[in-house]
Amino acid sequence: MLRHYANSVLLVESNRKFESKIVNGGPFQGELTRHCREIRALLCSLLRSTPKLKLIWSLSPANSAEYFAELKRVTVRS
């Protein structure tokens, strides 16, 4: 993706079951399960290995649409 696009963005979209867990650090805050630790480690490795990659964390499809609409508005103004 980074080879073909000037701006690469990874969208992580949570689902409803994580809404109750979002406190001061997102859905991974306080999670101690092995699966959560592995996912968090993989995500950190990906972001460290590709510093140009941007991350958008969204809580719902509607929230994702709002983010992308805002990104388009900012891009058009620039």
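Heads up: the sequence shown begins at 13 in our numbering, then just goes up one per residue.
Glycine is no exception: its CB is placed at the ideal position from the N, C-alpha and C atoms.
DSSP-derived helix/strand/coil call for residue i
{"i": "Leu65", "result": "coil"}
{"i": "Leu23", "result": "strand"}
{"i": "Ser72", "result": "coil"}
{"i": "Ala18", "result": "coil"}
{"i": "Thr9", "result": "This structure cannot speak to residue 9, because the chain is shown only from 13 to 90."}
Inter-residue Cα distance where the pair is residue i and residue j
{"i": "Arg60", "j": "Arg89", "result": "30 Å"}
{"i": "Phe80", "j": "Glu25", "result": "13 Å"}
{"i": "Glu50", "j": "Cys56", "result": "10 Å"}
{"i": "Ser27", "j": "Leu58", "result": "Reading the sequence as shown, one finds Asn at residue 27 and not Ser. The straight-line gap from Cα to Cα measures roughly 22 Å."}
{"i": "Arg52", "j": "Arg85", "result": "31 Å"}
{"i": "Leu83", "j": "Tyr17", "result": "16 Å"}
{"i": "Cys48", "j": "Thr87", "result": "34 Å"}
{"i": "Thr45", "j": "Leu54", "result": "14 Å"}
{"i": "Ala74", "j": "Met13", "result": "24 Å"}
{"i": "Leu9", "j": "Glu78", "result": "The structure shown does not extend to residue 9, since the chain is modelled only from 13 through 90, so no value can be given for it."}
Residue i CB to nearest heavy atom of the ligand NAP below 7 Å
{"i": "Leu22", "result": "The model depicted lacks the ligand NAP and carries no ligand whatsoever."}
Reference residue i, options the options, closest by Cα
{"i": "Arg15", "options": "Leu54, Leu58 and Leu65", "result": "Leu65"}
{"i": "Leu23", "options": "Ile68, Glu78 and Thr87", "result": "Ile68"}
{"i": "Ser20", "options": "Thr45, His47, Leu54 and Pro63", "result": "Pro63"}
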